[in-house]
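Sequence order for the protein chains is S, Y, P and D.
Under the working numbering, read the first sequence as residues 17 to 241, first letter to last.
Under the working numbering, read the second sequence as residues 17 to 241, first letter to last.
Under the working numbering, read the third sequence as residues 17 to 241, first letter to last.
Under the working numbering, read the fourth sequence as residues 17 to 241, first letter to last.
All C-beta atoms in this analysis are idealised placements derived from N, C-alpha and C, irrespective of residue type, glycine included.
Only a predicted model underlies this, so the values are computations on that prediction, with no experimental measurement involved.
Report on the following structure.
Protein chains: 4
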Amino acid sequence: MHALTPPDLPPRAPTRHPRSSSQTRDRLARAALDLFTTRGYHETTTPLIAARAGVAEGTIYRHFPSKEDLLNEVFRAGVRAFLEPVKASDPIQPCRERLDGIATRWTAIAAANPALVRLVFDQTLTRLLDERSRAALRDLRGQIEQAMAGGKAAGHVRRGGADLWTEVWLRLILLTLERVAGGQWQPGDAATTQVRRAAWDAIRVEVQTDTDGATIHDPASGELP
Amino acid sequence: MHALTPPDLPPRAPTRHPRSSSQTRDRLARAALDLFTTRGYHETTTPLIAARAGVAEGTIYRHFPSKEDLLNEVFRAGVRAFLEPVKASDPIQPCRERLDGIATRWTAIAAANPALVRLVFDQTLTRLLDERSRAALRDLRGQIEQAMAGGKAAGHVRRGGADLWTEVWLRLILLTLERVAGGQWQPGDAATTQVRRAAWDAIRVEVQTDTDGATIHDPASGELP
Amino acid sequence: MHALTPPDLPPRAPTRHPRSSSQTRDRLARAALDLFTTRGYHETTTPLIAARAGVAEGTIYRHFPSKEDLLNEVFRAGVRAFLEPVKASDPIQPCRERLDGIATRWTAIAAANPALVRLVFDQTLTRLLDERSRAALRDLRGQIEQAMAGGKAAGHVRRGGADLWTEVWLRLILLTLERVAGGQWQPGDAATTQVRRAAWDAIRVEVQTDTDGATIHDPASGELP
Amino acid sequence: MHALTPPDLPPRAPTRHPRSSSQTRDRLARAALDLFTTRGYHETTTPLIAARAGVAEGTIYRHFPSKEDLLNEVFRAGVRAFLEPVKASDPIQPCRERLDGIATRWTAIAAANPALVRLVFDQTLTRLLDERSRAALRDLRGQIEQAMAGGKAAGHVRRGGADLWTEVWLRLILLTLERVAGGQWQPGDAATTQVRRAAWDAIRVEVQTDTDGATIHDPASGELP
DNA sequence: TATGAATGAGTTTTCATTCAT
DNA sequence: TATGAATGAAAACTCATTCAT
Numbered sequence: 017m018h019a020l021t022p023p024d025l026p027p028r029a030p031t032r033h034p035r036s037s038s039q040t041r042d043r044l045a046r047a048a049l050d051l052f053t054t055r056g057y058h059e060t061t062t063p064l065i066a067a068r069a070g071v072a073e074g075t076i077y078r079h080f081p082s083k084e085d086l087l088n089e090v091f092r093a094g095v096r097a098f099l100e101p102v103k104a105s106d107p108i109q110p111c112r113e114r115l116d117g118i119a120t121r122w123t124a125i126a127a128a129n130p131a132l133v134r135l136v137f138d139q140t141l142t143r144l145l146d147e148r149s150r151a152a153l154r155d156l157r158g159q160i161e162q163a164m165a166g167g168k169a170a171g172h173v174r175r176g177g178a179d180l181w182t183e184v185w186l187r188l189i190l191l192t193l194e195r196v197a198g199g200q201w202q203p204g205d206a207a208t209t210q211v212r213r214a215a216w217d218a219i220r221v222e223v224q225t226d227t228d229g230a231t232i233h234d235p236a237s238g239e240l241p
Numbered sequence: 017m018h019a020l021t022p023p024d025l026p027p028r029a030p031t032r033h034p035r036s037s038s039q040t041r042d043r044l045a046r047a048a049l050d051l052f053t054t055r056g057y058h059e060t061t062t063p064l065i066a067a068r069a070g071v072a073e074g075t076i077y078r079h080f081p082s083k084e085d086l087l088n089e090v091f092r093a094g095v096r097a098f099l100e101p102v103k104a105s106d107p108i109q110p111c112r113e114r115l116d117g118i119a120t121r122w123t124a125i126a127a128a129n130p131a132l133v134r135l136v137f138d139q140t141l142t143r144l145l146d147e148r149s150r151a152a153l154r155d156l157r158g159q160i161e162q163a164m165a166g167g168k169a170a171g172h173v174r175r176g177g178a179d180l181w182t183e184v185w186l187r188l189i190l191l192t193l194e195r196v197a198g199g200q201w202q203p204g205d206a207a208t209t210q211v212r213r214a215a216w217d218a219i220r221v222e223v224q225t226d227t228d229g230a231t232i233h234d235p236a237s238g239e240l241p
Numbered sequence: 017m018h019a020l021t022p023p024d025l026p027p028r029a030p031t032r033h034p035r036s037s038s039q040t041r042d043r044l045a046r047a048a049l050d051l052f053t054t055r056g057y058h059e060t061t062t063p064l065i066a067a068r069a070g071v072a073e074g075t076i077y078r079h080f081p082s083k084e085d086l087l088n089e090v091f092r093a094g095v096r097a098f099l100e101p102v103k104a105s106d107p108i109q110p111c112r113e114r115l116d117g118i119a120t121r122w123t124a125i126a127a128a129n130p131a132l133v134r135l136v137f138d139q140t141l142t143r144l145l146d147e148r149s150r151a152a153l154r155d156l157r158g159q160i161e162q163a164m165a166g167g168k169a170a171g172h173v174r175r176g177g178a179d180l181w182t183e184v185w186l187r188l189i190l191l192t193l194e195r196v197a198g199g200q201w202q203p204g205d206a207a208t209t210q211v212r213r214a215a216w217d218a219i220r221v222e223v224q225t226d227t228d229g230a231t232i233h234d235p236a237s238g239e240l241p
Numbered sequence: 017m018h019a020l021t022p023p024d025l026p027p028r029a030p031t032r033h034p035r036s037s038s039q040t041r042d043r044l045a046r047a048a049l050d051l052f053t054t055r056g057y058h059e060t061t062t063p064l065i066a067a068r069a070g071v072a073e074g075t076i077y078r079h080f081p082s083k084e085d086l087l088n089e090v091f092r093a094g095v096r097a098f099l100e101p102v103k104a105s106d107p108i109q110p111c112r113e114r115l116d117g118i119a120t121r122w123t124a125i126a127a128a129n130p131a132l133v134r135l136v137f138d139q140t141l142t143r144l145l146d147e148r149s150r151a152a153l154r155d156l157r158g159q160i161e162q163a164m165a166g167g168k169a170a171g172h173v174r175r176g177g178a179d180l181w182t183e184v185w186l187r188l189i190l191l192t193l194e195r196v197a198g199g200q201w202q203p204g205d206a207a208t209t210q211v212r213r214a215a216w217d218a219i220r221v222e223v224q225t226d227t228d229g230a231t232i233h234d235p236a237s238g239e240l241p
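Structural data, given as C-alpha cells:
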C-alpha cells in the first residue's frame, strides 16, 4: 500500500495537465482516505475528494468506477497494511510475544499513517463495504485468531473461544492504535505498554487466587520478563 | 426516556385521526431509533421514518425541528437509559462489585432494547451528534470514571489514569452488550461472566508472579467470592 | 388516455403550492410527450420537462420513478389511444371497410393530438422502451394483423403473410397520420382518401390484367362504392 | 463513399504506430457507422468509437471536428451510396422499370452494407443532422421524385403529387431494405418482388373496375411482362 | 499524426424541509 | 395537530472535447 504510506502528503496546487497516471490515482486514494476517516463516507462528497486531490471531479471516475469502489480499494489497501506484520510474525514464537510484536508493528503504522487505523478498524465504514472487503477483514481477524488458537493450545490463553479472546485483545489494542493515531500517545509511551499488558491480562489464563491472595495456579505468567 | 423504554412497541397501523401528541412523538422516536441503528443515519430517510411511525412525512417536523435533532433527542434519551443504573449504583460498594452491577444492568438494557446499545455506543453516529449530546456521552463516561477513581483510591485498580482504565473496561463491557443486543448471547450466559472477568483482569492491579508462578502480591483478588 | 387528450394545454404559470395530484401528473405527462416527440428523448432533459410543466425538477420524481418510466408510461397511454378504435371496430365488417374505419379514427387522433402519432409510431423511441411497452406495441400491431387475416381468409388480401401486408398498410397509413399530425393535411382532405386507397391497392388481391388491359380476375374490387 | 463501401471490414488490432491517415479515418467512419446504427447516436460514446476503430480517443478529433460532424460525414457518404444507382439509372426507361431497377440496386446495397440502410433511412438520426445532410437527403428524394414525375407525365402514376407517390413508394421499398438489412430476407426472395409489386400497385394509375369486376381502364398495367 | 489523462459542464436522481389545506 | 404535494439544493456520475507529450 505504498500509495498511502506517506502520512501527510500535502495536496499540490492543481495543474491543468497530465500527470503520471498512478500519481493522480494515489492522490485521489489519499484524499479519499483522509476525508472518509475524518468526515465519514457520506459527508465526503466527490467534489471534496477531487478538490483535495487537486484534480477535477470527473478525474475520480477515470481511476475508480465509483465512490464506493474508491472506498473499497482504499480499505483493502489498508487491510493489507495491517495484515503484513501479522503474516511476517513468527508462528513458532510464544503467543504473547507474537501478539505483542504485532501490536508494536501496528502501533508504528498508526503513528505513520493515522488515517489507516480509522479506516480499517472503525465500524462506521463496515456497513458500506463490499463482500471482497469484508472477506479481507475477516482474513485479518482470522490470522490473529490463529495466533490466539496457538496460545490456547499451549495453555496460555483462557478457556473460551479463541474468537472471543481475539475480539477482546483486538478491542484493547485498537485503543492504543486510536490514541497513537490521534497523536495523544507516542508509539513508545508507557501507556502503550500498559494497555498491551492489560490486553494480555484480559485473555491469559486466569490467576486463581484464594481469599488471602496466594496464587494457586498461574501458568500464563512469566512469559515476558 | 419513556419513549424508548417499551422494548418492542409494534408499529401500529396508520390511522387517519388525531392521536395524543406524545404518542406520535414516541412512535417517531422509536421508528427513528430502530432505523438509525439498523440502516444507519444517512440510509434512513424521513419518508422511511414517517412510514414506520405510521404518520405523514410532514408530521416529523411538528415534533422535531430536523432529522438531526431527532437523532440527538433519541440519542440523549438513550444515554439517560444507560446513565440511570450508574447513578443508581451504590458509591460505597467496592469498585469491582459496583462495575459488575452496572454491567449487569446494562446487559439487561441491551437484551430488552438492543437498538439502544447501537445508538449510544456505535461510533458511527457519534460524528453526527451535536455538542449537547456529546456532553451527555462525556457525562456517562465521567460517571464510570468516578467509580473507577474510587477503585484506584482503594488500591484495586492498576496504576495509570482512571480515564484509561475506564476506556478499557468500557470497551470490553461493550463487547458483551453488542453480543447480547445482537441476540448471540443471553444476559446470564457464561460468556458474559467471562468477559466481565476479563474486563476486571484488564484493569485490576496486576498479579505479580515470579518465574515459577507464585503470586507475590495480588491485592485486587478475592473481591468477589 | 384522457390526460393526453387536450391537444394544446398551455403550460400554466408556476405556483408554489399543492395542486391536485393528478393534475400535476398530467401536466408532466403532457410536457414529456410534447418534448420527447419534438426534441427526442435524449435532447429532452428533466429540467426542460419540469419547466414546461411549470413544476420543480424534483416533482417529476414524485410522479414517475425515472425519466425512462415517464417515457414508457406516456408511451403506453399513447398505444391505448390508438388501440381503442381498433378494438371498437366491427370484426364482422369487410376487411377494407374495417381498415378504412380504423384509419379514419386514427387520423382524427392525429389531428387532435399530433404528438401521439410521433410518440407511438416513430421508431426513434422504440429502442428506449421497456418490455411492457414493447408488448403493448406488439398487441396493437397484432390487432391489425387479425383484421388483415380476416381479409385474407375472405380472399380480399393478396397472397403472402398477413403480417407483411399489415406492415405495408401501416406504413402508408402512418404517412397520412404524420401529414395530419404535422398540420400539412386535414383529416377530410382528398390526399387522405388517396393514400387510404393506395394502401388498399398495395395489399388487395392483385388485379390481373392482360396486355390489352382487360381485367381477368379482380375479386377485391368493388368493395367500397 | 469508399470508406464505407467494403461491406465487412473487420476492426484490426490496435497498433501503436502511424497509419496512412485515410486508413484511420475510414476505420473511424466505419466504427461510427456500425455503432450509430446499432446502438444509436447517444448510446455511442466516443471512447466506444475509438475502441472499435482501434485508435485512441483523441484521434477522433484529428479526423472529425466533433462527434456530430462524424455523424454527418458518415451520413452523407451513406446518402451518396444510395444516390449513385439513382443517377446511374436510365431516364428514358419507363417509370416502373426504372424504379424497380433502383429498388434492386438499393436492395443489393442493403445486403452488402446493412448499416447503411439504417443510417440513411432511420428517422432516429434525422433529427441530429445538419443542414447540409438534410439537403443531401432532400436531393436523394428529389431524384426519385423526378423519375416519378416522368411516370406521371407518361400517365402511369396516379393523379396526385409526384412527391406524395414518391413518399409512398419509398416507404414500401424501405420495408424491403430493412428486412434485407436485418437478414430476414435475401435480395432475390419472393417477398422482395411482392413488396416491389405492392409499391407499384400503390402508386400506379388505379384500375377502375365496375361492380362486376370488369376493368374499364387500366393504362398502367402490362408494363412489365 | 497519434496519444490518453484530464477536464468540467451537464445529466439524472435524492431527500430534508416547507406550507396551504 | 396532521397532511402530503411540492420544492430545490446538492449528490454521484457521464462524456465530448482538449492539449502536452
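- If you draw a straight line from the Cα of P:Gly70 to the Cα of Y:Leu144, it comes to about 37 Å.
- Under the criterion of beta carbons closer than 8 Å, S:Leu191 and S:Val211 qualify as touching, at roughly 6 Å.
- Of all residues in the stretch 110 to 133 of chain D, none comes within less than 7 Å of chain P when Cβ atoms are compared.
- For P:Gly56, the C-beta contacts it makes with chain D under 7 Å involve Arg143, in order along the chain.
- The beta carbon of S:Leu153 sits no closer than 9 Å to any beta carbon of chain Y.
- DSSP, reduced to helix, strand and coil, places D:Arg134 within a helical segment of the structure shown.
- The count of Cβ pairs closer than 8 Å, one atom from the stretch 91 to 98 of chain Y and one from the stretch 130 to 143 of chain Y, reaches three, so the stretches are in contact.
- A distance below 8 Å between beta-carbons, with the five flanking residues on each side excluded, links P:Ala151 to no residue of its chain.
- For P:Val173, the pairing in a beta bridge is given by DSSP as P:Arg220.
- Contact note: Y:Gln200 does not reach chain S at a C-beta cutoff of 9 Å; the least C-beta distance is about 11 Å.
- By the rule that beta-carbons nearer than 9 Å mark a contact, S:Thr140 touches chain Y.
- Shortest Cα-Cα distance from Y:Leu86 to any of Y:Arg175, Y:Thr182, Y:Ile219 and Y:Asp146 involves Y:Asp146.
- The three-state secondary structure of Y:Phe80, taken from DSSP, is coil.
- For S:Arg195, the closest C-alpha among the options S:Ala124, S:Arg43 and S:Arg68 is that of S:Ala124.
- Distance check between Y:Glu84 and each of Y:Arg121, Y:Pro101, Y:Ile118 and Y:Ala45 places Y:Ala45 closest, using alpha-carbon atoms only.
- Linking Y:Val223 to Y:Ser38 through their CA atoms gives a straight-line distance of about 54 Å.
- Secondary structure at D:Glu89: helix, using DSSP grouped into helix, strand and coil.
- Distance between P:Gly167 and P:Asp217, taken at the CA atoms: about 13 Å.
- In this structure, Y:Arg157 and Y:Thr182 form a Cβ contact; the two beta carbons are roughly 6 Å apart against a cut-off of 8 Å.
- Closer than 9 Å to the CB of S:Ala214 there is at least one CB belonging to chain Y.
- CA-CA distance, P:Ala206 to D:Phe137, rounds to 27 Å.
- P:Arg68 places its beta carbon less than 9 Å from that of P:Asp50.
- One Cα belongs to S:Val102, the other to Y:Pro107, and the distance between them is close to 43 Å.
- Counting of Cβ neighbours within 10 angstroms places P:Gly56 among the buried residues, the total reaching 16 or more.
- In this structure S:Leu115 does not touch S:Ala47 by the C-beta definition: roughly 34 Å separates them, more than the 8 Å allowed.
- Counting along the chain, the unbroken alpha helix (DSSP H) around P:Arg68 starts and ends at Thr62 to Ala69.
- For Y:Trp181, the uninterrupted alpha helix (DSSP H) segment begins and ends at Ala178 to Ala197.
- Think of a sphere of 7 Å around the beta carbon of D:Arg187: the chain P residues whose beta carbon falls inside it are Arg187, Leu188 and Leu191, in chain order.
- In chain order, Leu156 place their CB closer than 6 Å to the CB of S:Leu99, counting only its own chain and leaving out the 5 sequence neighbours on each side.
- When C-beta distances to chain D are compared with 7 Å, the residues of the stretch 151 to 177 of chain P below that value are Gly176, in chain order.
- For D:Ile65, not one C-beta of chain P is nearer than 9 Å to its own C-beta.
- Residues of the same chain with a CB within less than 7 Å of the CB of S:Ala66, apart from the 5 flanking positions on each side, are Ala72, Glu73, Thr75 and Ile76 in chain order.
- At a C-beta separation below 7 Å, P:Glu183 has these neighbours in chain D: Leu191.
- D:Trp201 has its alpha-carbon roughly 29 Å from the corresponding atom of D:His172.
- One Cα belongs to Y:Arg78, the other to Y:Pro63, and the distance between them is close to 14 Å.
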